[in-house]
Structure formats: structure tokens, C-alpha cells
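Numbering (this note's numbering), first residue to last: 45 to 199. Each remark here refers to the structure printed beneath this line.
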Amino acid sequence: MADLNEIYNSKLLELAADIPHSQRLKDPDATTAAHSKLCGSTVAIDLNMQGDEVTGYGQTVKACLLGQAASAIVGAHILGARAGELRETATAMRRMLKENGAPPTGRFAELAILEPVRHYKARHGSVMLVFDAIERAIVEIEDKRAGARIDAARA
């Protein structure tokens, strides 16, 4: 099992101290939030997408150090990411935490710093909040667009 010092390290403190995109968007395509009942952490996000590419992102993070660090890493790399890439990253994070899977690769490889959290099941939810919110936002945007196409076809 990982030592708590391995989890709560100076790099995580640095990340949590400087969370990118901490201002909300004025006109988001979607706004969602994810909340952990266990620890009370909340991550709320605004997302803009052009096609399936993220063009705008804002977040409010009221979470523990682990949730803040995950949000900081995602915020630093999300612009330009595609919906499929974000879903794959969320899936990789779940596998990393729950199934001893490999950490994400590519633009989100820095999330590997959270790998020791896999040994602390009670902390998984906090790490996943940002991904839960992003996945909901993508679905919301896709649903709005599908509805608009249906409405246009009926007109």
C-alpha cells in the first residue's frame, strides 16, 4: 500500500495552488457539476466545444487536494482535446484507480501522479469528480445538438 506521503506530495500542492481556467465561461455550451457525498467535494465546469473539440473551459473547484490536483492537470491540457480523448482519459483513470490499470497517456499523462491513490478507495471519487463533470457536459452538448438536428429536420 502507498504511503500517505507518496500521495500528498509537494507536486500535488503545487498543482492545487494554481488551478487553470478557474473563471467560469460567459456563454458555455454546457454547465455541469459533480459532487462527492463522501467528502463534500464539488467540481463545477463550463464547457464550449466546436464540433467535438474543446474550445473553452472554466471550472470552480471546491475539493480536497486530490480533487484539486486532478482538476488542475485536466485544466492545463483540456483546450484542444476531443470528446473521445476525454472519455478515453476518464476510462483510463477509472481503470488505473479500480483495476490497477495503466495511467492515461498523451496530453493527460501527468495524471499518473495520482496513481498511488488507487490504494485508497475512499479517495477515488474525489479524483474522478472533474471527469464525471466533463463527461456529463459532453453528453449535454451532444444531446442539445441532436435535438437541434431533429428540430431542423421537422421544419
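Don't be surprised by glycine CBs; every beta carbon is placed ideally from N, CA and C.
Look up residue i in the DSSP assignment and say whether it is helix, strand or coil.
{"i": "Arg126", "result": "strand"}
{"i": "Glu97", "result": "strand"}
{"i": "Asp71", "result": "coil"}
{"i": "Ala146", "result": "coil"}
{"i": "Gly84", "result": "coil"}
Kindly give me the distance between the Cβ atoms of residue i and residue j, rounded to whole angstroms, as I take these residues to be in contact under 8 Å.
{"i": "Ala181", "j": "Leu91", "result": "4 Å"}
{"i": "Glu154", "j": "Gly124", "result": "Their Cβ separation, rounded to whole angstroms, is 15 Å, which puts Glu154 and Gly124 out of contact at 8 Å."}
{"i": "Leu158", "j": "Ala114", "result": "6 Å"}
{"i": "Lys106", "j": "Thr86", "result": "5 Å"}
{"i": "Ile63", "j": "Gln112", "result": "6 Å"}
{"i": "Val161", "j": "Val171", "result": "6 Å"}
Measuring straight from C-alpha to C-alpha, what distance separates residue i and residue j?
{"i": "Asp187", "j": "Ala146", "result": "31 Å"}
{"i": "Thr149", "j": "Thr133", "result": "8 Å"}
{"i": "Val118", "j": "Ile194", "result": "33 Å"}
{"i": "Arg131", "j": "Gln103", "result": "18 Å"}
{"i": "Met93", "j": "Ile51", "result": "33 Å"}
{"i": "Phe152", "j": "Cys108", "result": "20 Å"}
{"i": "Cys83", "j": "Leu110", "result": "11 Å"}
{"i": "Ser80", "j": "His163", "result": "18 Å"}
{"i": "Arg189", "j": "Asn53", "result": "42 Å"}
{"i": "Ile185", "j": "Ala74", "result": "6 Å"}
{"i": "Ala60", "j": "Gly191", "result": "38 Å"}
{"i": "Leu141", "j": "Pro72", "result": "30 Å"}
{"i": "Val174", "j": "Asn144", "result": "20 Å"}
{"i": "Ile89", "j": "Lys55", "result": "23 Å"}
{"i": "Arg138", "j": "Asp176", "result": "11 Å"}
{"i": "Ala120", "j": "His65", "result": "8 Å"}
{"i": "Thr135", "j": "Gly128", "result": "10 Å"}
{"i": "Leu57", "j": "Gln67", "result": "20 Å"}
{"i": "His168", "j": "Ala156", "result": "14 Å"}
Which two residues bound the contiguous alpha helix (DSSP H) that contains residue i?
{"i": "Val118", "result": "Leu109 to His121"}
{"i": "Leu223", "result": "With the chain running from 45 to 199 in the structure shown, residue 223 is simply not present."}
Within the continuous beta strand (DSSP E) that includes residue i, where are the two ends?
{"i": "Ala74", "result": "Ala74 to His79"}
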